[in-house]
């Protein structure tokens, strides 16, 4: 798969979340997909704790829908800055890679702070229009993520 | 326009500002250009407030010149980390795209802090030597930007 | 040298450090190499102070080995987010470039903070399997780096 397609995929991933286009973000996934957020501490200790887990696209849709309902209690702006892709495997029509991220949040008064840093581990597949996400594992170095009200990372 | 030309343009954009080569930064723009900094809050509410606005290259030159005169009152180092480009449109000789940024500032004692996060919206044109900036709109999630003494974002 | 090879090199550079694969990080360098960390303040004033300096690969190996022994006193997770490459020179089999970085550290309780921002200045050479690092100069805007216990930047 061409590298630029993967970069475009992650650029849109971050920008869709940051612009509150959560429904567009869901559309980046395949129907059969897996989205999971774990802390690095749990991942390295082999603990099963998961902060967020959707194992198909309908669960992602539900998640976004319920987020839309609680959104009013936690208004904020997200901002992802995603680093270069580290390609783990490439095949015709498939690719797996990692990328570091820093996620900042700003409140409505315009105060910004570091919210989470960590790493994506992604499996992508070539679809008709660009690439789609087969699985995204977010391994967050930052541990104290309030899961209920959080937007996806 | 080739993608790598746009990435080079933004790499130089950030590095010119960070290395205090503000005059080089101005040279990245076309004569007929537009550079504008707004807060996200104002942008989303449709408010006309603008933190910085230069609507041609001579204004950018003036801005940098006056910054050079007040610089002694606010010495600091800038550091931009710019994320992957999200291409919005491409045509022969033209391209528009978005990119997230995180801007850190360090004082002369070496203390660093998050200064601003947000998004660039850029229109670029192919010139003789690489690409040039036709317009840059900075939408800052971070609201409290002291505009008088600030370097460009 | 193809651009993508350089991006892959820096992606692996950051990820090897962040995943505590320090030995893999050392393997990115040539035998005859130079790795140096200086503060921006010292660099701009022409001062000779160097926070970390290894002028061949064996010194890097020693550094990592001694870090492994003191590691237990300063457990933390690193996270690099590296910006786009600014190419300074390219030749068949060689390239020099700069890139901005933000380095975050998280303690084992999962609290993350900005640790260092600055710039890499890199000379790379094409090797049998991808590119290798000939020299890396880290110019840190952030000044207060505790050098003894620090992992490489």
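Residue numbers (the numbering used here), protein chains in the order written: chain E, 1427 to 1579; chain W, 1427 to 1579; chain C, 1427 to 1579. Idealized CB from N, CA, C, for every residue including glycine. Note that the coordinates shown come from a computational prediction; the quantities given were computed from them, not determined experimentally.
- By the Cβ criterion, the region 1446-1465 of chain C is not in contact with the region 1509-1524 of chain E, since fewer than three pairs of Cβ atoms, one from each stretch, lie closer than 8 Å.
- Selection C:1578, C:1553 and C:1554 evaluated against residue 1564 of chain C yields C:1578 as nearest (Cα-Cα).
- Under the three-state reduction of DSSP, residue 1579 of chain C is assigned to coil, being neither helix nor strand.
- Residue 1440 of chain C carries a helical assignment under DSSP once its states are collapsed to helix, strand and coil.
- Judged by DSSP secondary structure, residue 1517 of chain E falls within the beta strand (DSSP E) whose first and last residues are 1512-1517.
- In the three-state reduction of the DSSP assignment, residue 1494 of chain W falls in the helix class.
- Contact check for residue 1513 of chain E against residue 1450 of chain C fails: the beta carbons are separated by 9 Å or more.
- Shown here, residue 1430 of chain C sits in a helix according to DSSP, grouped into three states.
- As for any beta strand (DSSP E) of minimum length 3 sitting wholly inside the region 1452-1479 of chain W, the runs are 1455-1465, ordered along the chain.
- Residues of chain C whose Cβ lies closer than 9 Å to the Cβ of residue 1454 of chain E do not exist, since the nearest Cβ in that chain is about 21 Å away.
- For the region 1517-1538 of chain E, the set of positions with a beta-carbon nearer than 9 Å to some beta-carbon of chain C reads 1523, 1524, 1525, 1526, 1527 and 1528 in chain order.
- Taking the beta carbon of residue 1465 of chain C as reference, the chain W residues within 8 Å of it are 1536, listed in sequence order.
- Cα atoms of residue 1519 of chain E and residue 1548 of chain E: separation of roughly 14 Å, rounded to the nearest angstrom.
- Contacts with chain W at 9 Å (Cβ-Cβ) include residue 1441 of chain E.
- Contacts with chain W at 9 Å (Cβ-Cβ) include residue 1437 of chain E.
- Around the C-beta of residue 1532 of chain C, 16 or more other C-beta atoms lie within 10 Å, and the residue is accordingly described as buried.
- For residue 1540 of chain W, the residues of chain C that pass the 8 Å Cβ criterion are 1540, in the order they occur in the chain.
- DSSP places residue 1528 of chain C in the uninterrupted beta strand (DSSP E) bounded by 1520-1532.
- Between the region 1550-1568 of chain W and the region 1468-1487 of chain E, the count of C-beta pairs closer than 8 Å stays below three; the two stretches do not touch.
- Counting along the chain, no beta strand (DSSP E) covers residue 1502 of chain W, and no H or E run does either.
- Secondary structure of residue 1445 of chain W (DSSP, three-state): coil.
- A residue is called buried when at least 16 other Cβ atoms come within 10 angstroms of its Cβ; residue 1432 of chain E meets this threshold and is buried.
- Taking a C-beta distance under 9 Å as the contact criterion, residue 1569 of chain E and residue 1536 of chain C qualify as a contact pair.
- DSSP lists E:1553 as the beta-bridge partner residues of residue 1556 of chain E.
- Beta-bridge annotation (DSSP): residue 1545 of chain E is paired with E:1526 and E:1565.
- Non-local beta-carbon contacts of residue 1557 of chain C in its own chain, meaning distances under 7 Å to residues more than five positions away in sequence, involve 1427, 1431, 1432, 1435, 1550 and 1551 in chain order.
- Distance from the CA of residue 1508 of chain C to the CA of residue 1544 of chain C, rounded to the nearest whole angstrom, comes to 10 Å.
- Proximity to residue 1491 of chain C across C:1477, C:1452 and C:1539 peaks at C:1452, based on C-alpha coordinates.
- Under the 10 Å beta carbon count, residue 1515 of chain C is surrounded by fewer than 16 other beta carbons and is classified as exposed.
- Inclusion of residue 1460 of chain E and residue 1482 of chain E in the CB contact set at 9 Å is warranted, their separation being smaller than that value.
- A distance below 7 Å between beta-carbons, with the five flanking residues on each side excluded, links residue 1562 of chain W to the following residues of its chain, in chain order: 1461, 1546 and 1548.
- Residue 1501 of chain E sits exposed, since fewer than 16 C-beta atoms from the chains shown fall within 10 Å of its C-beta.
- By the neighbour-count definition (other C-beta atoms within 10 Å, threshold 16), residue 1510 of chain E is a buried residue.
- Setting aside the 5 residues that flank it on each side, residue 1464 of chain W is surrounded in the same chain by 1475, 1476, 1477, 1563, 1564, 1565 and 1566, each with a C-beta closer than 8 Å to its C-beta; the list follows chain order.
- In the same chain as residue 1541 of chain E, and ignoring 5 residues on each side of it, the C-beta atoms closer than 7 Å to its own belong to 1529, 1530 and 1531, in chain order.
- Between residue 1538 of chain E and residue 1456 of chain E, the alpha-carbon positions lie close to 33 Å from each other.
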